[in-house]
Amino acid sequence: MPKVVKSAGREIILKVKEFCEAEQKNQGVLIPINNVRKRVAVMTGVSEKTVSRITQEGKVAASTSKRIVTPGKSRLRAKKIDLDGFDLCSIRHKIHQFYTVKKELPTLNKLLAVLKEDIGFEGSRATLHRILQIIGFKYKRCQSKSKLLI
Numbered sequence: 669m670p671k672v673v674k675s676a677g678r679e680i681i682l683k684v685k686e687f688c689e690a691e692q693k694n695q696g697v698l699i700p701i702n703n704v705r706k707r708v709a710v711m712t713g714v715s716e717k718t719v720s721r722i723t724q725e726g727k728v729a730a731s732t733s734k735r736i737v738t739p740g741k742s743r744l745r746a747k748k749i750d751l752d753g754f755d756l757c758s759i760r761h762k763i764h765q766f767y768t769v770k771k772e773l774p775t776l777n778k779l780l781a782v783l784k785e786d787i788g789f790e791g792s793r794a795t796l797h798r799i800l801q802i803i804g805f806k807y808k809r810c811q812s813k814s815k816l817l818i
């Protein structure tokens, strides 16, 4: 039964065939036989560094008796915390409450504690910082060299 060759493999086979035909027209080798890595790179249409890296992976796979694996596709992760407009508005309101009602400067730790208690915020400190940036708040240094949430 013939082996099914996928499109990427077919392209490589065509490139190798074209290289061999070019050598046949030239009636000699285009790239010296001693320079194996460069010949393989030109034949397959990839860089010499890629050929070296795959060769190294092959040596490691042969010594550990494992197969060479194709690296997986990196995918965008879904956001762990999905906030709607109401949640964003309540976070903004809590920040304004710190300034007007409590008359104190909101820090991430204070704000995180209040949000966890009042609206059941489940994110981390870093998540809260990212959300504040999305809402439009920024930290500015004041004269006492501390950062103010503006």
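This note's numbering puts the first residue of the sequence shown at 669, with every later residue one more than the last. By construction, the Cβ of each residue, glycine as well, lies at the ideal position given by its N, Cα and C atoms.
Strand pairing of residue i, partner residues [DSSP]
i	result
Lys815	Arg809
Three-state secondary structure assigned by DSSP to residue i
i	result
Phe754	helix
Ser715	coil
Ile799	helix
Phe687	helix
Lys770	helix
Thr738	coil
Ala794	helix
Ala781	helix
Val697	coil
Gly726	helix
Lys706	helix
Ile787	coil
Span separating the alpha-carbon of residue i from that of residue j
i	j	result
Ile803	Glu716	47 Å
Cys757	Leu800	11 Å
Ala746	Ser792	16 Å
Lys778	Ile736	50 Å
Phe754	Leu773	23 Å
Thr775	Leu817	8 Å
Lys808	Arg743	34 Å
Thr738	Gly726	12 Å
Ile759	Gly677	54 Å
Gln724	Val704	14 Å
Cys810	Val714	54 Å
Exercise. Between the stretch 698–714 and the stretch 725–740, do three or more beta carbon pairs fall short of 8 Å?
Worked result: Put simply, the stretch 698–714 does not touch the stretch 725–740. Fewer than three CB pairs are less than 8 Å apart.
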